[in-house]
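Undergrad:
There are 2 protein chains.
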Amino acid sequence: MHRLRKPYLLFLGDVQDKLTAKTAFGLKDWCADDVVGEWSLPGCSITLGLERLSPAAAAQRGAGSIIVGIAPTGGKLPPHWIAELKAAADAGLDVVSGLHTRLTSFPELVQAAARRGVRLIDVRHSDAAFGAASGRKRGGKRVLTVGTDCALGKKYTALALAKNLRSRGITATFRATGQTGIMICGEGIAIDAVIADFLAGAAEQLSPDNAADHWDVIEGQGSLFHPAYAGVTLGLLHGSQPDAIVLCHDPQRRTIDEYPDFPLPALQVVIDDYLRAGRLTNAAIRCVGLSINSSSLSDADCSAYFARLTAELGLPVCDPVRTGVDALAEALLAP
Amino acid sequence: MHRLRKPYLLFLGDVQDKLTAKTAFGLKDWCADDVVGEWSLPGCSITLGLERLSPAAAAQRGAGSIIVGIAPTGGKLPPHWIAELKAAADAGLDVVSGLHTRLTSFPELVQAAARRGVRLIDVRHSDAAFGAASGRKRGGKRVLTVGTDCALGKKYTALALAKNLRSRGITATFRATGQTGIMICGEGIAIDAVIADFLAGAAEQLSPDNAADHWDVIEGQGSLFHPAYAGVTLGLLHGSQPDAIVLCHDPQRRTIDEYPDFPLPALQVVIDDYLRAGRLTNAAIRCVGLSINSSSLSDADCSAYFARLTAELGLPVCDPVRTGVDALAEALLAP
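Chains A and B, in that order, are what the protein sequence lines are.
Just so we're aligned: 113 in the numbering used here is position 127 of the first sequence, and the numbers increase by one with no gaps anywhere.
Just so we're aligned: 46 in the numbering used here is position 60 of the second sequence, and the numbers increase by one with no gaps anywhere.
#1: By the criterion of Cβ-Cβ separation under 9 Å, what are the contact partners of B:Y260 in chain A?
#2: Which residue wins for smallest C-alpha separation from B:H66, given the options B:G29, B:A43, B:R38, B:G48?
#3: Check whether the Cβ atoms of B:L192 and B:L233 lie closer than 8 Å to each other.
#4: Within the same chain, show all residues whose beta-carbon is closer than 6 Å to that of B:D202, passing over the 5 residues directly before and after it, in chain order.
#5: If you pair each beta-carbon of the segment 27 to 45 of chain A with each one of the segment -5 to 5 of chain A, do three or more pairs fall below 8 Å?
#6: Taking the alpha-carbon of B:N282 as reference, which of B:R294, B:D258, B:P228, B:V307 has the nearest alpha-carbon?
#7: Can you tell me whether DSSP reads B:S153 as helix, strand or coil?
#8: Just the Cα atoms here: how many angstroms apart are A:A137 and A:P41?
#9: Taking a Cβ distance cut-off of 9 Å, strictly less, list which residues of the segment 234 to 248 of chain B are near chain A, in chain order.
#10: With respect to the beta strand (DSSP E) encompassing A:S83, which residues constitute its N-terminal and C-terminal limits?
#11: Can you say whether B:P228 is buried or exposed, counting buried as having 16 or more other CB atoms within 10 angstroms of its CB?
#12: Quick one: does B:L192 have its CB under 8 Å from some CB of chain A?
#13: Which residues in the same chain as A:A99 place their Cβ atom closer than 6 Å to its Cβ, once the five residues preceding and following it in sequence are excluded?
#14: Could you give the DSSP three-state label for B:H66: helix, strand or coil?
#15: If we count the other Cβ atoms within 10 Å of its Cβ and call it buried at 16 or more, is B:K72 buried or exposed?
#16: Taking all protein chains shown into account, do 16 or more other C-beta atoms lie within 10 angstroms of the C-beta of A:T131, making it buried, or fewer, making it exposed?
#17: Could you have a look at A:T219 and say whether DSSP puts it in helix, strand or coil?
#18: For the beta strand (DSSP E) that contains B:A158, what are its first and last residues?
#19: Residues in its own chain within less than 8 Å of A:A265 by CB, not counting five upstream and five downstream?
#20: On a Cα-Cα basis, can you pick out the residue from A:S209, A:K123, A:Q165, A:I181 that is closest to A:A115?
#21: Counting only Cβ pairs nearer than 9 Å, list the residues of chain B close to A:H86.
#22: Name the one or two DSSP bridge partners that A:P321 has.
#23: For A:D19, count neighbouring Cβ atoms within 10 angstroms of its own Cβ and tell me buried if that reaches 16, exposed if not.
#24: Take A:Y215 and list the residues in its own chain whose beta-carbon comes closer than 8 Å to its own, dropping the five residues that flank it on each side.
#25: From this set, A:S284, A:Y(-6), A:T267, which residue's C-alpha is nearest A:S83's C-alpha?
#26: Would B:A119 pass as an interface residue toward chain A - the criterion being a Cβ-Cβ separation below 8 Å?
#27: At a Cβ cut of 9 Å, what residues of the segment 211 to 224 of chain A count as close to chain B, listed as they run along the chain?
#28: Hey, out of B:P237, B:E24, B:P213, B:G310, whose CA is closest to A:S120's CA?
#29: Any idea if A:C10 is buried or exposed, counting beta-carbon neighbours within 10 angstroms, 16 or more meaning buried?
#30: Could you give the distance in angstroms between the alpha-carbon of B:P302 and the alpha-carbon of A:Q165?
#31: For A:S153, is the classification buried or exposed, using 16 other Cβ atoms within 10 angstroms of its Cβ as the cut-off for buried?
#32: Return the chain-ordered ranges of every beta strand (DSSP E) run that is complete within the segment 160 to 243 of chain B and spans a minimum of 3 residues.
#33: Quick one: which chain B residues come within Cβ less than 8 Å of A:T267?
#34: Applying the criterion that 16 or more other CB atoms from any shown protein chain within 10 Å of the CB defines a buried residue, is B:M169 buried or exposed?
#35: Any idea what DSSP makes of A:G103, helix, strand or coil?
#36: If we count the other Cβ atoms within 10 Å of its Cβ and call it buried at 16 or more, is B:S112 buried or exposed?
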């Protein structure tokens, strides 16, 4: 389990576009209170609109980590960023990266971290040892966001739902299963980086026993209908033992992204298949609603689409950005 | 992908019982032509009935690897075996182990292997890099053994079926997904040791494009109904894209082994669920029969049980040990 030291200094390198810095923008949106400022190299043309602080200045303000909030194509860490990350380690900051390239593959960074007693944390990787799942029912309640596909709002929906529940006085914890989620909440497990044998076991460890009225809101991964990642999705579903699922979908998506030969099934089929699979470890699992990424729809089209889904599926439908997630929270808490 | 150098010298350490040496006995049964002899330490009280050869003598006879054919409780490699394995490396043999303890964790063994230019191969681990699955349909035909649970005959059934097909003049390849299978056929991928993201991708790589009339007979792992391992099973199923499955079952098994709260579903439900899941990557998937571990049944009870299953499920039923797998091969090859 990764556990990060907050607050953060967000590092932008020398990137030129906001999409590449999407992780940093996500952190600014979802954990602004845990961010002391931003830092970048000469040539960087974007800003998060936060105070510019050098690693040393950020450390003086109490920062615990510098976060590489960047996802360049290919997932590689540009070697010319290392000097600045080494300076951050020298200043006493943990260095946190979500890239494929491991921070520990740079000897000068490893030496600097060892010298200063700080950590190099690659949140995309998962070097912790997990056990096999026990299948034992745990105390507390759990809701898992699932999807027709990858990258259509499972993390965003889980974050919004956890926040909404807390605003109602419910004790609720967002449980991160991917790198950005881990950075946002400061802990979690990159579930797709776990050794396959321990997938469900890691998911069990991620949402441990809790008080009977506590909700874990678990970030889903992948899709049961994805030819590459359905195994990850199923292991996470089984280990999470969710009492409830929320189905996330984007109406523009007709096939699995980048897999044009894999059409998405009808939403009722999707729900039925998730519930059938989830019953193995929680016989009482139910679907409490849909979270739709409706950014491609006009207001009128969105209303018509939501009305049609509600009628067809008999479930609340919302878009976390457009409508908020009150409908999901209410369905979750309904007796 | 692990690729081992045959023939083998089978090493028994100083074990006292046949069950612990079950891997070595399996190798003797399934690839006797690839075994030059056995070797053990003073105090070992069992034998495979093969010629005793020291590592040096085995190397002179052309052996390529010494195989640690032992599975002690806990999966640990006893440190007092290392001197003998080092002698094997010094003699020019690759050292192959299926234990949890990595051979590479013993510096003197690493040094000996480097000096002599031989390999230390931990078949339980999977350090190779795999890509994400493509979902692309591959040439050739594939059959996957699946199970109601773990450890009830998936490897044995696949080995028997591949052998049976070859005896009919069909080109067929056993594809190993676990440590013993890898040792038997000399190559394969320990699929449960793969990083979860690459599960289906590794399964694709294991059974690559082939001639239209070639059969890959793929060793299944885990069970869709296992609370810890279903993710592995699903990833292997999706990446294998099987045209056919054979369901393996043991009538004594009422619940998942060591998970008494997880009853096994009716066999028709099991078959339907495997086919539903498998259709994602192969719409034409079908179940061609059942492979039953009937060792607990009398001849009369076995006949009655097989007749009942055949009537209920409308599928051929066999036991690879008791009846052979002709019925499965014929169903597989039926037009």
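For each residue, glycine too, the CB sits at the ideal point set by N, CA and C.
TA: Once the coordinates are examined:
#1: Position 274 of the second sequence, counted from the first residue, corresponds to residue 260 of chain B. Neighbourhood of B:Y260 in chain A, by CB distance below 9 Å: empty, with the nearest CB roughly 12 Å away.
#2: To locate residue 66 of chain B, count along the second sequence from 1; it is residue 80. It is B:G29 whose Cα lies nearest to the Cα of B:H66.
#3: Counting from 1 along the second sequence, the entry for residue 192 of chain B is found at position 206. Counting from 1 along the second sequence, the entry for residue 233 of chain B is found at position 247. No, these two residues do not count as a Cβ contact at 8 Å.
#4: By one-based count along the second sequence, residue 202 of chain B stands at place 216. Around B:D202: R128, T159, R161, S193.
#5: Contact between the segment 27 to 45 of chain A and the segment -5 to 5 of chain A is present, because at least three Cβ pairs lie under 8 Å.
#6: Residue numbering aside, residue 282 of chain B sits at position 296 when the second sequence is read from its first letter. Looking at the sequence provided, one finds Ser at residue 282 of chain B rather than Asn. Checked all of B:R294, B:D258, B:P228, B:V307; the closest Cα to B:S282 is B:V307.
#7: One-based indexing of the second sequence puts residue 153 of chain B at position 167. Note: B:S153 maps to helix in three-state DSSP.
#8: Taking the first residue of the first sequence as position 1, residue 137 of chain A is located at position 151. Taking the first residue of the first sequence as position 1, residue 41 of chain A is located at position 55. For A:A137 and A:P41, the distance between alpha carbons rounds to 32 Å.
#9: Interface annotation for the segment 234 to 248 of chain B against chain A: I242, Y245, D247, F248, criterion Cβ-Cβ distance under 9 Å.
#10: Taking the first residue of the first sequence as 1, we reach residue 83 of chain A at position 97. 80 to 83 is the span of the beta strand (DSSP E), which, as asked, contains A:S83.
#11: Within the second sequence, numbered from 1, the residue matching residue 228 of chain B stands at position 242. The residue is buried, with at least 16 neighbouring Cβ atoms inside 10 Å.
#12: Here residue 192 of chain B corresponds to residue number 206 of the second sequence, with the count starting at 1. Chain A, which has no Cβ nearer than 8 Å to the Cβ of B:L192, makes this no.
#13: In the first sequence, counting from the first residue as 1, residue 99 of chain A sits at position 113. Counting only Cβ-Cβ distances below 6 Å, and skipping sequence neighbours, we find A75, L106.
#14: The count along the second sequence starts at 1 and reaches residue 66 of chain B at position 80. B:H66: helix per DSSP, three-state reduction.
#15: Along the second sequence, one-based indexing puts residue 72 of chain B at 86. Answer is buried; the Cβ neighbour count reaches 16.
#16: The residue labelled residue 131 of chain A in the question sits at position 145 within the first sequence. With 16 or more other Cβ atoms inside 10 Å of its own Cβ, A:T131 counts as buried.
#17: In the first sequence, the residue the question calls residue 219 of chain A occupies position 233. Reduced to three states, the DSSP call for A:T219 is helix.
#18: Residue numbering aside, residue 158 of chain B sits at position 172 when the second sequence is read from its first letter. 158 to 161 is the span of the beta strand (DSSP E), which, as asked, contains B:A158.
#19: Position 279 of the first sequence, counting from 1, holds the residue named residue 265 of chain A. The sequence shown places Arg at residue 265 of chain A, rather than the Ala named in the question. Within the same chain, A:R265 has close Cβ partners I271.
#20: Taking the first residue of the first sequence as 1, we reach residue 115 of chain A at position 129. Of the candidates A:S209, A:K123, A:Q165, A:I181, A:I181 places its Cα closest to the Cα of A:A115.
#21: Position 100 of the first sequence, counted from the first residue, corresponds to residue 86 of chain A. Here the premise fails: no neighbours, minimum Cβ distance about 11 Å.
#22: Residue mapping note: residue 321 of chain A aligns to position 335 of the first sequence, counting from 1. Beta-bridge pairing links A:P321 to no other residue.
#23: Numbered from 1 along the first sequence, position 33 holds the residue referred to as residue 19 of chain A. By the neighbour-count rule (16 or more Cβ atoms within 10 Å), A:D19 is not buried but exposed.
#24: The residue labelled residue 215 of chain A in the question sits at position 229 within the first sequence. Result list for A:Y215: C136, D178, Q207, G208, S209, in chain order.
#25: Along the first sequence, one-based indexing puts residue 83 of chain A at 97. Out of A:S284, A:Y(-6), A:T267, A:Y(-6) has the C-alpha closest to the C-alpha of A:S83.
#26: Along the second sequence, read from residue 1 onward, the residue named residue 119 of chain B stands at position 133. When Cβ-Cβ separations below 8 Å define contact, B:A119 makes contact with chain A.
#27: F211, H212, P213, A214, Y215, A216, G217, V218, T219, L220, G221, L222, L223, H224
#28: The residue labelled residue 120 of chain A in the question sits at position 134 within the first sequence. It is B:P213.
#29: Translated into positions along the first sequence, residue 10 of chain A becomes position 24. Strictly speaking, residue 10 of chain A in this sequence is Ala, with Cys absent from that position. The residue in question, A:A10, is buried, as its Cβ has 16 or more Cβ neighbours within 10 Å.
#30: The sequence position of residue 302 of chain B within the second sequence is 316, counting from 1. The sequence position of residue 165 of chain A within the first sequence is 179, counting from 1. Their backbone Cα atoms lie some 48 Å apart in a straight line.
#31: To locate residue 153 of chain A, count along the first sequence from 1; it is residue 167. Label assigned to A:S153: exposed.
#32: 201 to 204, 230 to 235
#33: The residue given as residue 267 of chain A occupies position 281 in the first sequence. Residues of chain B passing the Cβ test: P213.
#34: Within the second sequence, residue 169 of chain B is the residue found at index 183, counting from 1. Looking at its Cβ environment, which holds 16 or more other Cβ atoms inside 10 Å, B:M169 is buried.
#35: Position 117 of the first sequence holds residue 103 of chain A. In the structure shown, A:G103 sits in coil (DSSP, three-state: anything other than H, G, I, E or B).
#36: The sequence position of residue 112 of chain B within the second sequence is 126, counting from 1. Buried: at least 16 other Cβ atoms inside 10 Å.
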